[in-house]
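Protein chains in written order, with the numbering used here: chain V, 117 to 219; chain D, 39 to 240.
Comments concern the structure below.
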C-alpha cells in the first residue's frame with residue numbers, strides 16, 4: 117500500500133511542464149506517476165554495471181535484498197537465470213551419446 | 039580444415055569457442071569432447087587473428103580474443119583430428135552475425151544431427167531453442183559453461199576444476215555468462231561456494 121514515505125520528489129521544471137503539456141494534449145491525460153516509476157526503473161537498470169548486478173544478485177541470494185527491490189533492479193537478470201535453468205534442466209534430460217571421444 | 043561433413047552432436051559458435059579456449063580446461067575439452075563448427079565461424083576466428091594483435095596488452099580484450107582464437111583454431115585445423123569438425127555453410131551467411139546465423143542455418147538443415155548448440159549470445163540461444171522446438175524437439179541451446187559441465191559429468195575434471203574454471207569464464211567475459219553459470223550451479227545443483235574465490239564475486 118502506498119504511504120507518504122513512498123513519495124519520490126525531484127526538481128525538474130522543464131520536465132514538469134513537458135509532462136503537463138502532453139497530459140493536456142491527450143483526452144484523459146497521462147499517468148505521470150506511472151511513467152516516472154517505469155522510467156526510473158528502466159534508467160536504474162541501464163546505469164547498473166555488470167559487476168553491480170552480480171553484487172546485487174549475491175545480496176539477493178544471501179537474503180539481504182528485499183524481493184521487490186531486487187525485481188526493480190535486477191528483475192531481468194532473475195528472469196534470465198530462470199530461462200537458463202530451464203535450458204540446463206532440459207539439457208540434463210538429453211543423451212550425451214557421441215559427445216565424448218572415449219565413448 | 040578438419041574432416042568435413044562429420045557432424046558431432048555438439049555445435050559451437052565463434053564466441054563460445056573463444057571463451058572456453060581461454061580457460062585452463064581447454065586442453066581437456068580438446069582431449070575429451072567432440073565438437074563441430076561451421077566454416078563461417080572458422081573464418082571469424084581467422085579474421086580475429088589477422089585483425090587483433092599478438093602483441094596487444096596483456097589483460098586487454100584484444101589479447102583475449104586473439105589468444106582464444108589461436109587456441110580454438112588449432113584442433114579444427116588439424117586434419118587428423120576427427121573429433122573437431124567443420125561444416126561448410128551453403129548458402130554462406132554474411133554480416134556481423136554471420137557465425138551465429140551459420141549455426142542456425144546448419145541446425146535448420148540438419149536438426150536431427152545436433153543435441154547441444156553452444157552459443158555465447160543469450161538472444162542467439164533463445165532463437166536456436168525456438169528452432170529446436172519447431173524442427174526437432176530433441177536438443178537445446180546452452181551457454182559455453184555447459185561444455186565445462188559436460189567434462190565434469192564425464193569425469194574429465196574435478197568439481198574443483200569445474201568451479202574454478204567457471205570463475206575464469208566469468209572474469210574473462212566480463213560477467214556476460216553470469217546468469218548461465220548461476221543456472222548450472224542452481225539447477226544441477228553444484229555448490230561451488232567453497233572453490234570460487236570470494237574475490238571473484240564483487
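From the three backbone atoms N, C-alpha and C, an ideal C-beta is built for every residue, glycine too.
Residues of chain D whose Cβ lies closer than 7 Å to the Cβ of residue 206 of chain V are, in chain order, 178. Look at residue 175 of chain V: its C-beta is not under 8 Å from any C-beta on chain D.
Within the stretch 61-84 of chain D, those residues whose Cβ lies closer than 8 Å to any Cβ of chain V are, in chain order, 69, 70, 71, 72. Rounded to whole angstroms, the separation of the alpha carbons of residue 183 of chain D and residue 209 of chain D is 13 Å. Bridge partners of residue 125 of chain D according to DSSP: D/76. Per DSSP, residue 204 of chain V is one residue of the alpha helix (DSSP H) stretching across 183-209. For residue 52 of chain D, the closest Cβ of chain V is not nearer than 8 Å. Look at the stretch 210-229 of chain D: the residues with a C-beta under 8 Å from a C-beta of chain V are 212, 213, 214, 216, 217, 218, 220, 221, 222, 224, 225, 226. With respect to residue 118 of chain D, residue 131 of chain D sits apart: the two C-beta atoms are not nearer than 8 Å. In this chain, the alpha helix (DSSP H) harbouring residue 185 of chain D covers 183-191. Residue-level contact by beta carbon fails for residue 59 of chain D and chain V, as no gap is shorter than 8 Å. If the five residues before and after residue 187 of chain D are omitted, its C-beta is found closer than 6 Å to the C-beta atoms of 222, all from its own chain and listed in chain order. If you compare the alpha carbons of D/138, D/49, D/149, D/120 with that of residue 172 of chain D, the shortest gap goes to D/149. At a cut-off of 8 Å between C-beta atoms, residue 149 of chain V does not count as an interface residue with respect to chain D. Under the three-state reduction of DSSP, residue 126 of chain V is assigned to coil, being neither helix nor strand.
In the same chain as residue 180 of chain D, and ignoring 5 residues on each side of it, the C-beta atoms closer than 6 Å to its own belong to 154, 156, in chain order.
Burial check for residue 185 of chain V: the Cβ neighbour count within 10 Å stays below 16, so the residue is exposed. Each of D/75, D/66, D/43 was checked against the Cα of residue 55 of chain D, and the nearest Cα belongs to D/75. When CB distances to chain V are screened at a threshold of 8 Å, the residues of the stretch 157-177 of chain D falling below it are 160, 163, 164, 167, 176, 177, in chain order.
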